[in-house]
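Structure first, commentary second.
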Amino acid sequence: MDPVANPYAPGAGSQPPELAGRSEIVSRTETTLARVKAGRHAKSFMLVGLRGVGKTVLLNRIAQIAEDDGYTATVIEAPEGKSLPELLIPCLRKILFQLDTKEKVTVAVKRGMMVLKSFAKAVKVTVGEVEIGLDIDAEKGTGDSGDLDTDLADLFEVIGAAAKARNTAVAIIIDELQYIKETEFSALIMAVHRISQKQLPLIVIGAGLPQLVGLAGKAKSYAERLFDYPEVDALNEKDAASALKEPAKREGVDWHPQALKLAVQLTRGYPYFLQEWGYHSWNAAKAGSGKITTKDVKAASEAARSNLDDSFFRVRFDRVSPREKDYMFAMAALGPGAHRSGDIATELGVPVESVAPVRSSLIKKGMVYSPAHGDTAFTVPMFNEYLIRIGR
1 MDPVANPYAP
11 GAGSQPPELA
21 GRSEIVSRTE
31 TTLARVKAGR
41 HAKSFMLVGL
51 RGVGKTVLLN
61 RIAQIAEDDG
71 YTATVIEAPE
81 GKSLPELLIP
91 CLRKILFQLD
101 TKEKVTVAVK
111 RGMMVLKSFA
121 KAVKVTVGEV
131 EIGLDIDAEK
141 GTGDSGDLDT
151 DLADLFEVIG
161 AAAKARNTAV
171 AIIIDELQYI
181 KETEFSALIM
191 AVHRISQKQL
201 PLIVIGAGLP
211 QLVGLAGKAK
221 SYAERLFDYP
231 EVDALNEKDA
241 ASALKEPAKR
251 EGVDWHPQAL
261 KLAVQLTRGY
271 PYFLQEWGYH
281 SWNAAKAGSG
291 KITTKDVKAA
301 SEAARSNLDD
311 SFFRVRFDRV
321 SPREKDYMFA
331 MAALGPGAHR
341 SGDIATELGV
351 PVESVAPVRS
361 SLIKKGMVYS
371 PAHGDTAFTV
381 PMFNEYLIRI
391 GR
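Using the UniProt record's numbering, count along the sequence shown one by one with no gaps and you end on 392.
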C-alpha cells in the first residue's frame, strides 16, 4: 500500500488517527474543566497506567480541550533529576504573559508576576533576564519563605486569582509525575488543596505509572480527596479493532476480519503497539488491493517487533545498570505477570535482602512497580518477551 497515505502514527506521544476507547476520560475532562471555569468545585485527576497505553496522548488531548474552552493551558513533562520548581517556573511565567494578553496589566496579573519572581528567588531558579523578564519588583512576604509547601500554594493562589480577574482559567498538565520527589509532590498537593478551598479557576491534571497512587498517598494522606486516579489500560477487543479499522477505512482500505483479530491478539490491545502493527501491516499490503490481510499482518510482525526492540524497549533497557539488568532477566525467566520478591531472588541465587536496593532503584527509574505488597511487575508491556528475545 502507498506508504505516503499510511494513516498510522507509531511513536511516543504521537496523536493516533483514531482515539478509540477513551470517550469516558474525554467526557470527564470536559465536565471537570467546565465546572472549574464556572467557579464550581471539581475533583482533579491523575491518569495512571503502564507505558504504551496512551497517557501522553490523552494529556495532549486534554490540553486541546482546555484551550478550546478558553483556558490558558500548559503541558509539562517531569524528567528524572529536575526539580518541580525548575519545571513550573518557565511555564507559569508563560501563563502570566498570556493572561497579560498585550493589554494593560491588571493588578492581579501584575501581582502574579511579582510573586513568581519572589518564588524563583526563594528556590534559586533563574528564568529569563531577572527571573520574570520584566522590570518588576518581587513581592516580599508571599511565595518567598523558602518553605515549598507554603510558597507553591501562594503562587498557585495568585495565578488562580489572576485568571479569575481575566475571566478565564488555567490548566497545568503534568506528565511522568512519578519522577517528582516526595517533598515536591507534597507541595504540589498542598497547592491544589489551597486552590480547591478558594475555588479559583486553576486545575492540575497529571499522569504517571501505577506507583503514582501510592506516591501521592505517601506525600499527603488527603490526596485521595483531591484527586481521582482513572486507570488507562489496554483497549478491549472492540476498541482495539476500531483503532486499526477506522483510520484505514477513511483511506478507502478495509481490514480482513481475521487480519484484524490477529493484529489485536499480537498487540494485546496496547495503543502504542496497535499503531506499530497497523503501520507495518499497511506497508506490507499489496498496492491497490484495498485490503489488509492476515498474510500482511504476519509479514508486518517481524518489522514491528524489530522496530519496538530498537526503540520502545531498548531505550528503557539501556537506562539500567548491569545488576538491574540481571534482576529484570530473572523476572523474565519466571514468565509474564507479577512475581514475588523471594522468587526473583531465588532465580538469581541470592538472599532476598540483597536485591531489595536493586528493586527500589528500578521502581524509581520507572522500570517496575509493585501491584501488591511484595510483588514486582514490569511497567512496560511485553518487556519480558523482549528480554527473552535478546538474551543475556
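Every residue gets a Cβ at the ideal spot worked out from N, C-alpha and C, and that includes glycine.
Given this structure, state the Cα-to-Cα distance separating residue i from residue j, to the nearest angstrom.
i           : j    : result
S289        : A5   : 14 angstroms
N283        : Y386 : 23 angstroms
E129        : A162 : Caution is warranted here: a pLDDT of 42 is assigned to E129, below 50, making its placement in the model unreliable, and the coordinate value is therefore given only provisionally. If you take the alpha carbons of E129 and A162, they lie about 23 angstroms apart.
A12         : K140 : 43 angstroms
N307        : G366 : 22 angstroms
A330        : A216 : 30 angstroms
V192        : V204 : 7 angstroms
E131        : L155 : Low local confidence applies: a pLDDT of 47 at E131 is under 50, so the model's placement there is unreliable, and no value is given.
D254        : L274 : 16 angstroms
T379        : R389 : 18 angstroms
R268        : L244 : 13 angstroms
A20         : R28  : 15 angstroms
R166        : K181 : 33 angstroms
I65         : A42  : 16 angstroms
L334        : K291 : 40 angstroms
P381        : Y270 : 8 angstroms
A38         : Q211 : 33 angstroms
S196        : I344 : 44 angstroms
S311        : L348 : 28 angstroms
S221        : G208 : 19 angstroms
E237        : E24  : 17 angstroms
S370        : A332 : 16 angstroms
T346        : V213 : 29 angstroms
E86         : Y179 : 13 angstroms
residue 418 : P336 : Nothing about residue 418 can be read from this structure; the chain reaches only from 1 to 392.
Nearest CA to the CA of residue i: which residue from the options?
i    : options                : result
A63  : T74, Q275, K164, R51   : T74
T168 : M331, A34, D137        : A34
K249 : A9, P3, P17            : P17
R51  : H339, R305, A234, P351 : A234
I172 : S14, L96, T346         : L96
D151 : Q178, T183, L177, Y279 : T183
G70  : D343, H280, L202       : L202
V36  : A9, T346, L200, N60    : L200
A300 : Y229, L260, G335       : L260
R340 : L58, Y279, M328, T376  : T376
D144 : R40, G112, K164        : G112
I76  : E157, S23, I174        : I174
A338 : G278, R314, N384, P351 : N384
D68  : A372, E30, M1, S354    : E30
I89  : K124, V109, D239       : K124
K198 : P10, R40, P371         : R40
Q15  : D2, L177, T56, V26     : T56
R392 : P351, H373, M328, K364 : M328
M190 : Q178, V170, D147       : D147
R22  : T32, M1, V53           : V53
N60  : V26, L92, V368         : V26
To which residues does DSSP link residue i through a beta bridge?
i    : result
R75  : Here the sequence assigns Val to residue 75, which means Arg is not the residue at that position. Paired residues: I173.
W255 : I292
Y369 : A377
H280 : H280 is not bridged to any residue.
F45  : D228
L202 : V170
R340 : D375
G391 : Its beta-bridge partners do not exist; DSSP assigns none.
G208 : V48
Establish whether the CB of residue i and some CB of chain D are separated by less than 8 angstroms.
i    : result
V232 : This model lacks chain D altogether, as it is built from one protein chain only.
Mind checking whether the beta-carbon of residue i lies closer than 7 angstroms to any heavy atom of the ligand NAP?
i   : result
L92 : Among the components modelled here there is no ligand, and therefore nothing to report on the ligand NAP.
Checking 8 angstroms against the spacing of the C-beta atoms, do residue i and residue j come in under that value?
i           : j    : result
V297        : A241 : no
residue 396 : T294 : No answer is possible for residue 396: it lies beyond the span of the chain, which begins at 1 and ends at 392.
G160        : M46  : no
A219        : F185 : yes
A187        : D149 : yes
E302        : V48  : no
S44         : F317 : no
Y279        : Y8   : yes
V315        : L362 : no
P3          : E276 : no
V109        : D100 : yes
residue 401 : V158 : There is no way to answer for residue 401, as the model of the chain reaches only from 1 to 392.
A304        : M1   : no
G342        : V350 : no
Three or more C-beta pairs below 8 angstroms linking the stretch 67-81 and the stretch 114-123: Too few Cβ pairs lie closer than 8 angstroms, so no.
Segment contact, 8 angstroms Cβ cut-off, at least three pairs: the stretch 357-365 with the stretch 318-327: Result yes; three or more Cβ-Cβ pairs closer than 8 angstroms.
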